[in-house]
Each structure stands twice: as structure tokens, then as C-alpha cells.
Amino acid sequence: MILSKITVVIPVYNRSSYLSQAVESILRQTCEDWELLIIDDASTDDSVEVASRFLAHPRIHLIEMPYNLGTGKTLNFALSQITSPYFVILDSDDWLEPNALELLLEAIETQPQTVSLVYGNTIRWKQEERGLKLRSVQKYRSFQDRYDFIMYPYIPYPRFLRTESVREVGGFEPDIPYEGRLGEDRYLLLKLINISQFHWIDVDLYNYRIHTTNLTKIDRAKFATVRRWLYTKMLEHWGGHYKPVFEMRKDGWLVLKELIPNDEQQP
Numbered sequence: 041m042i043l044s045k046i047t048v049v050i051p052v053y054n055r056s057s058y059l060s061q062a063v064e065s066i067l068r069q070t071c072e073d074w075e076l077l078i079i080d081d082a083s084t085d086d087s088v089e090v091a092s093r094f095l096a097h098p099r100i101h102l103i104e105m106p107y108n109l110g111t112g113k114t115l116n117f118a119l120s121q122i123t124s125p126y127f128v129i130l131d132s133d134d135w136l137e138p139n140a141l142e143l144l145l146e147a148i149e150t151q152p153q154t155v156s157l158v159y160g161n162t163i164r165w166k167q168e169e170r171g172l173k174l175r176s177v178q179k180y181r182s183f184q185d186r187y188d189f190i191m192y193p194y195i196p197y198p199r200f201l202r203t204e205s206v207r208e209v210g211g212f213e214p215d216i217p218y219e220g221r222l223g224e225d226r227y228l229l230l231k232l233i234n235i236s237q238f239h240w241i242d243v244d245l246y247n248y249r250i251h252t253t254n255l256t257k258i259d260r261a262k263f264a265t266v267r268r269w270l271y272t273k274m275l276e277h278w279g280g281h282y283k284p285v286f287e288m289r290k291d292g293w294l295v296l297k298e299l300i301p302n303d304e305q306q307p
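Take any residue in the sequence shown, count from 1 to its spot, add 40: that is its number in my numbering.
Have a look at this one:
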């Protein structure tokens with residue numbers, strides 16, 4: 041692989057309809073100091089064929105997994121292949137704004153080594169039969185500490201990560217319900233916020249596509265299991281100073297409602 045400052049990782053599973061737009065958004069970046077790693081997780085559609093059309097580009101690489109591993113294990117494999125100091129994960133049905141890599145790289149290189157993550161804002165689109173319809177812009181924020189972050193209900197995009205920091209916390213560990221197929225992103229960030237800082241830039245950089253193959257109600261039930269396990273585990277790992285209180289929303293999402301001080305383990 042060509043040595044670059046940034047590796048863009050696109051994990052793919054049955055996203056042949058949207059993958060081209062994701063890849064083309066990387067080709068349009070104003071920053072050219074990147075390489076693209078497409079990891080196909082044993083797709084059963086034409087995703088590999090779509091990805092193969094871009095392989096004439098010297099900085100685009102495709103790796104086909106022999107069987108389906110799930111997102112967490114696929115990303116862990118990708119992590120083992122990365123040689124750049126930074127990487128960003130792009131979901132195969134989403135795409136980046138043309139200036140995303142340039143601004144994210146500039147931001148992280150002006151921050152101390154203790155910053156492991158830089159993120160911007162997300163533009164949310166609804167995929168309809170006639171095309172894409174703008175839904176909203178999700179503006180994130182900065183976080184005071186790990187407890188401020190664990191209470192935050194959203195996962196920031198794009199996630200521009202310091203490779204060394206991700207490896208330091210063990211990467212995308214599969215010791216989570218459903219073996220890292222759900223919740224692997226939040227798990228990683230909760231581990232990172234415990235040893236480092238995050239930096240937010242108030243710029244719209246990531247385009248998120250909402251479509252019919254997004255999470256189902258069954259997936260949300262599984263996510264509830266993952267979130268209960270994850271929040272309880274991390275709070276205990278952080279010293280057991282707080283106990284989690286959960287709430288199930290009407291739309292089927294489980295959220296962390298509040299943290300109750302543990303009288304036996306005050307910070």
C-alpha cells in the first residue's frame with residue numbers, strides 16, 4: 041500500500057446500490073493524502089463487483105473476507121492492515137463532503153497527542169423512490185468528560201481516529217453481545233474517552249443515509265441488550281462511582297436516562 045496520512049475504511053455487506061457514491065466521495069476529496077481500504081464482509085449481492093470497478097486507482101484496495109464476521113471483527117481486521125497515523129470509518133451507504141478529510145486532518149494535527157478523535161456534524165438524508173430528501177443536520181458538541189459523553193445519546197460522525205490510540209485500547213473488541221455486530225462504535229469511543237480527549241469541529245462533513253434496510257425493531261431489541269451490557273460494564277470499569285438508569289423510548293430505542301451516584305463508590 042502507498043504510505044498516506046489517512047486510511048479511509050469502508051466495511052461493506054450487501055450495499056451494492058450505494059457503495060459507488062461512498063467511494064466516489066473519497067475520489068472527490070480536496071485532500072489527496074489518503075488510501076482507501078474496502079473490506080467486503082462476504083456480501084451475497086454485487087458489492088464486490090462494484091468495488092472492483094475502482095481498483096485501477098493505485099490508492100484503492102479491496103479485501104474480501106472468506107465468511108461473514110460482522111462489523112466489529114471486520115473493523116478489527118482492517119485495523120491490522122492500517123499503516124497510516126489516522127483513519128476514518130465511512131459506512132458503505134454514506135458519503136463524505138469534499139473537504140472532510142482536509143479539515144479533519146488539519147484539526148487533529150493542531151491538537152495534542154492526547155486527542156484520539158476528531159469529528160464534525162452530520163447531514164441526514166432520507167432515501168426515497170425518487171431520490172434523496174434532506175431530513176436534518178445533526179450538530180454534535182464537545183464533551184466535558186467521560187460521564188458527559190456516556191450520557192450523550194448520539195454517536196458522532198465522521199469518526200477521524202488516531203490509529204495508535206485505537207490500538208492502545210484494544211481496537212474493536214468482540215467481547216460484547218452479538219460478537220461486535222452491534223454497538224462496536226460506541227464501545228470503542230467509551231474506551232477512548234477514558235484515556236484521551238475528543239475534539240469537535242462545527243462543520244457539516246458527513247452524509248448519513250436513512251433507508252428501509254436500516255435497523256429493524258428486532259435490531260433495536262438487540263441494541264437494547266448491547267447498551268445495557270456496555271454502559272454497565274464501562275461504568276464499573278471507570279470505578280463504579282455511578283449506577284445507570286435506563287429508559288425505553290416509544291420508538292423502541294433504549295437510552296441511558298441518568299446516572300445515580302453509588303454511595304459505596306463516590307468519586
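For glycine and all other residues, C-beta sits at the position ideal for the given N, C-alpha and C. Quick caveat, the model's predicted, so the values are computed rather than measured.
Going by the CB atoms, is the gap between residue j and residue i shorter than 8 Å?
i: A91; j: V52; result: yes
i: N161; j: L229; result: no
i: D259; j: L222; result: yes
i: L141; j: W74; result: yes
i: T123; j: D81; result: no
i: L130; j: I50; result: yes
i: V285; j: K273; result: no
i: L157; j: R199; result: yes
i: E224; j: I216; result: yes
DSSP on residue i, reduced to helix/strand/coil?
i: V48; result: strand
i: Q61; result: helix
i: E287; result: strand
i: T111; result: helix
i: H277; result: helix
i: E149; result: helix
i: E89; result: helix
i: L67; result: helix
i: D81; result: coil
i: R35; result: As shown, the chain starts at 41 and ends at 307. That puts residue 35 outside it, with no answer to give.
i: P106; result: coil
i: G292; result: coil
i: L157; result: strand
i: E169; result: coil
i: L43; result: coil
For residue i, count neighbouring Cβ atoms within 10 angstroms of its own Cβ and tell me buried if that reaches 16, exposed if not.
i: T47; result: buried
i: G280; result: exposed
i: L59; result: buried
i: Q69; result: buried
i: L43; result: exposed
i: P196; result: buried
i: Y126; result: buried
i: V206; result: buried
i: K231; result: buried
i: G112; result: buried
i: I235; result: exposed
i: Y194; result: exposed
i: D303; result: exposed
Within 8 Å (strictly less), CB to CB, does residue i reach chain D?
i: P138; result: Of the chains in the structure shown, none is chain D; there is only one protein chain.
Let me check one thing: in DSSP terms, what residues is residue i bridge-paired to?
i: T162; result: Q178, Y246
i: H101; result: L77
i: E298; result: V285
My parser needs the alpha helix (DSSP H) runs of 4 or more residues fully inside the segment 117-145; what are they?
none
Curious, which full-length alpha helix (DSSP H) runs of at least 4 residues does the segment 184-271 contain?
186-190, 203-208, 224-233
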